[in-house]
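First the structure, in the form of structure tokens, and then the observations on it.
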Amino acid sequence: QLVDLLLPMLDPKAEAATRPIARGLPAGPGGARGRVVFTSADAVEWAGRGEKVVLVREETSPEDVDGMHKAQAILTSKGGMTSHAALVARGWGKCCIVGCADLEIAPDHRSFRTKSGVTVKEGEWISLNGTSGLVYVGSLPLVDADVEHNEFFKSFMKMVDGIRVLRIRANADTPSDAAKALTFGAEGIGLFRTEHMFYGEGSDKPLFLLRKMILSAGVD
Numbered sequence: 082q083l084v085d086l087l088l089p090m091l092d093p094k095a096e097a098a099t100r101p102i103a104r105g106l107p108a109g110p111g112g113a114r115g116r117v118v119f120t121s122a123d124a125v126e127w128a129g130r131g132e133k134v135v136l137v138r139e140e141t142s143p144e145d146v147d148g149m150h151k152a153q154a155i156l157t158s159k160g161g162m163t164s165h166a167a168l169v170a171r172g173w174g175k176c177c178i179v180g181c182a183d184l185e186i187a188p189d190h191r192s193f194r195t196k197s198g199v200t201v202k203e204g205e206w207i208s209l210n211g212t213s214g215l216v217y218v219g220s221l222p223l224v225d226a227d228v229e230h231n232e233f234f235k236s237f238m239k240m241v242d243g244i245r246v247l248r249i250r251a252n253a254d255t256p257s258d259a260a261k262a263l264t265f266g267a268e269g270i271g272l273f274r275t276e277h278m279f280y281g282e283g284s285d286k287p288l289f290l291l292r293k294m295i296l297s298a299g300v301d
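With positions in the sequence shown counted from 1, the corresponding number in this note's numbering is that position plus 81.
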């Protein structure tokens with residue numbers, strides 16, 4: 082529930098007035114909306130021209146990471162709570178629903194159909210509630226997290242801060258993640274994961290240099 086407070090969510094009133102078309106496993110909390118794409122390459126391309134997309138796959142693999150990162154959310158028809166999509170999305174704090182057996186992706190990967198008879202084509206909007214695992218047709222409004230002005234959250238954190246015995250340090254996955262951790266009271270950096278230098282935003286140059294070093298025939 083604390084994690085939910087830190088993430089955008091679907092507007093409860095709009096969600097209550099909309100009937101879900103499918104349900105899966107809630108692998109990544111929060112809400113998201115976007116236009117449906119079925120490949121990582123399309124997610125990267127569409128996001129590059131300013132589109133908000135939801136990546137829909139049977140399952141994901143490490144080759145899909147770039148598209149997963151660019152997508153607003155991830156929806157898979159197979160996999161469980163420890164699948165690749167679930168683990169990566171939770172690590173990023175990204176909305177994700179996995180194991181959604183209610184939907185079947187068409188062989189041409191241009192649409193999917195649900196057991197309730199709803200067909201959603203590439204480019205059409207869907208909305209995901211990653212906390213409940215529900216999928217909706219259309220673009221439902223989002224409610225942004227406003228932790229800084231949430232008095233319940235601040236009061237609770239003051240209570241636990243008075244009795245905790247552990248000191249909190251953050252993972253330096255990305256500069257923005259580290260900065261966010263500090264605003265939430267982290268007392269420093271506890272772990273730096275070098276692999277995060279080689280994927281995600283701004284990774285093209287260091288990844289090129291790494292590959293060049295690996296393939297080099299000599300020290301020059």
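Note that CB positions come from ideal geometry on N, CA and C, so glycine has one too. Every value quoted in this text rests on a predicted model; they were computed, and no experiment measured them.
(1) Identify the residues that DSSP records as bridge partners of G112: which are they?
(2) Please classify G160 as buried or exposed, where buried requires at least 16 other C-beta atoms within 10 Å of its C-beta.
(3) Quick one: give me the first and last residue of the beta strand (DSSP E) that F193 is part of.
(4) Residues in the same chain with beta-carbon distance under 7 Å from S142, minus the five sequence neighbours each way, listed in chain order, please.
(5) Could you give the distance in angstroms between the alpha-carbon of L136 and the alpha-carbon of R191?
(6) Do you know whose CA, among L88, I249, A108, G299, lies nearest I155's CA?
(7) Mark L296 as exposed unless 16 or more other C-beta atoms lie within 10 angstroms of its C-beta, in which case mark it buried.
(8) Determine the extent of the beta strand (DSSP E) in which I270 is found, giving its start and end residues.
(9) With three or more C-beta pairs closer than 8 Å as the rule, is the stretch 237–254 touching the stretch 201–220?
(10) Between A152, G115, C176, which has its C-alpha nearest V309's C-alpha?
Looking at the atomic coordinates:
(1) Sequence index remark: in the sequence shown, residue 112 carries index 31 (1-based). Per DSSP, the beta bridge partners of G112 are N210.
(2) Sequence index remark: in the sequence shown, residue 160 carries index 79 (1-based). So G160 counts as buried.
(3) Position 112 of the sequence shown, counting from 1, holds the residue named residue 193. 192–195 is the span of the beta strand (DSSP E), which, as asked, contains F193.
(4) Taking the sequence shown and counting its residues from 1, one reaches residue 142 at position 61. Leaving aside the five residues that flank S142 on each side, the residues in its chain whose CB is nearer than 7 Å to its CB run, in chain order, H165.
(5) Reading the sequence shown from its first residue, position 55 is the one you call residue 136. Reading the sequence shown from its first residue, position 110 is the one you call residue 191. Distance between the alpha carbons of L136 and R191 is about 12 Å.
(6) Locating residue 155 in the sequence shown gives position 74, counting from the first residue. Looking at the Cα atoms, A108 is the closest of the given residues.
(7) Here the question's residue 296 lines up with position 215 in the sequence shown. By the neighbour-count rule (16 or more Cβ atoms within 10 Å), L296 is not buried but exposed.
(8) Taking the first residue of the sequence shown as 1, we reach residue 270 at position 189. First-last of the beta strand (DSSP E) with I270: 270–272.
(9) In this structure the stretch 201–220 does not lie against the stretch 237–254, because fewer than three pairs of beta carbons, one per stretch, are closer than 8 Å.
(10) Residue numbering for the chain in the displayed model covers 82 to 301; residue 309 lies beyond these limits and cannot be assessed.
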